[in-house]
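Peer 1: Its first residue numbered 0, the sequence shown is counted upward by one per residue in numbering that gives the first Met the number 0.
For glycine and all other residues, C-beta sits at the position ideal for the given N, C-alpha and C.
Structure below; questions to follow.
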Amino acid sequence: MVIKETEEFVRHELGEDATGHDWFHVDRVRRNALHICKEEQAGDPFIIEMAALLHDIPDEKLNESTEKGKQKLETFLESVSLTDSDKNHIVKIIESISYKGGRKTTLESIEAKIVQDADRLDAIGAIGIARAFAYGGKKGQPIYDPSITVRKEMSLEEYRKGKSTSIHHFYEKLLKLRDLLNTEAAKNMAAGRHQMMVLFLEQFYQEWDGQGS
Ligand code: ADP
Ligand code: NI
């Protein structure tokens with residue numbers, strides 16, 4: 000069955016990754032996406048599940064180049080039994096949903112909106128906090144440095160390469176995600192997760208200043 004084959008392929012490709020793009024991330028995104036699909040009673044669950052499972056496969060950070068990543072996804076999709084129309088839709092969703100420093104892309108299908116929401120939900124809340132520091136640690140970026148200013152406007156290049164800290168990432172991306180969600184179901188799921196990050200930051204600064212209890 001196509002879903003099982005896809006799971007195996009993704010597990011194999013992402014299993015060892017420690018930048019926050021591991022198999023468990025993909026599995027959470029898949030479950031979030033199917034939950035949103037059910038709540039909204041919208042979208043094709045098969046397309047949603049496939050796009051969620053494959054969404055990180057062509058990521059430029061996990062491949063030698065954007066081209067190579069795209070090719071990896073397409074080669075896999077050619078190897079399983081899918082209609083051309085489903086294949087094209089899955090590729091299109093995956094190409095359209097990445098955050099890349101806040102640049103807005105228009106999402107054409109409800110399936111794309113749902114998978115994007117599901118991926119974004121996994122970047123916020125307790126899991127999002129854990130992922131931000133895991134990513135920061137892997138990159139060798141500091142936890143926090145009060146002398147570095149928060150970057151408001153930045154190019155994709157700056158977003159990826161500029162000097163920042165994991166705490167800064169909350170202002171540059173994570174705290175913005177709640178208001179960028181597409182579906183009501185995802186907005187409901189985001190409320191508690193957003194609150195969790197706000198509380199975390201409050202406590203973090205208290206402890207930083209030596210007043211934590
Ligand atoms: P996107 O490609 O959608 O911008 P990523 O795939 O880079 O996001 O993000 C993977 C995970 O790492 C996410 O949870 C994200 O919030 C986190 N992350 C990305 N960039 C940074 C950063 N500069 N500092 C801390 N965490 C980051
Ligand atoms: Ni992802």
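Got a sec, what are the start and stop residues for the alpha helix (DSSP H) Ala131 sits in?
Peer 2: According to the DSSP assignment, Ala131 belongs to the alpha helix (DSSP H) that extends over Gly124 to Lys138.
Peer 1: Given 8 Å as the limit, is there contact between the segment 91-98 and the segment 131-145, that is, 3 or more CB pairs closer than that?
Peer 2: No contact exists between the segment 91-98 and the segment 131-145.
Peer 1: Collect the residues with a C-beta less than 5 Å away from any heavy atom of the ligand NI and give them in sequence order along the chain.
Peer 2: Asp55 and Asp118
Peer 1: If I measure Cβ to Cβ from Ala111 and keep anything under 8 Å in the same chain, skipping five residues before and after, which residues do I get?
Peer 2: Cβ contact annotation for Ala111 (same chain, cutoff 8 Å, sequence separation greater than five): Ala50, Lys91, Ile92, Ser95 and Ile96, in chain order.
Peer 1: Just mark Asp83 as buried or exposed, buried being the case when its beta carbon has 16 or more other beta carbons within 10 Å.
Peer 2: So Asp83 ends up on the exposed side.
Peer 1: In the structure shown, what three-state DSSP assignment does Ser146 receive?
Peer 2: Reduced to three states, the DSSP call for Ser146 is coil.
Peer 1: For Phe199, which residues in the same chain have their Cβ closer than 7 Å to its Cβ, ignoring the five residues on either side in sequence?
Peer 2: Ile128
Peer 1: Taking DSSP as the reference, what is the three-state secondary structure of Asn187?
Peer 2: Note: Asn187 maps to helix in three-state DSSP.
Peer 1: Cβ atoms of Ile147 and Lys162: under 9 Å apart, would you say?
Peer 2: yes
Peer 1: In whole angstroms, give me the CA-to-CA distance for Asp116 and Glu206.
Peer 2: 32 Å
Peer 1: Among Leu176, Ile2, Leu179 and His54, which one has its Cα closest to the Cα of Ser78?
Peer 2: Ile2
Peer 1: Run the CB neighbour count on Glu7, radius 10 Å, all protein chains shown included, and call it buried at 16 or more, exposed below.
Peer 2: Its Cβ having fewer than 16 others within 10 Å, Glu7 is exposed.
Peer 1: How would you label Thr65, buried or exposed, when you count the other beta carbons within 10 angstroms and need 16 or more for buried?
Peer 2: Classification for Thr65: exposed.
Peer 1: Work out the CA separation of Val9 and Arg29 for me, nearest whole Å.
Peer 2: About 12 Å.
Peer 1: Any heavy atom of the ligand ADP inside 8 Å of the beta-carbon of Lys60?
Peer 2: Yes, the Cβ of Lys60 comes within 8 Å of a heavy atom of the ligand ADP.
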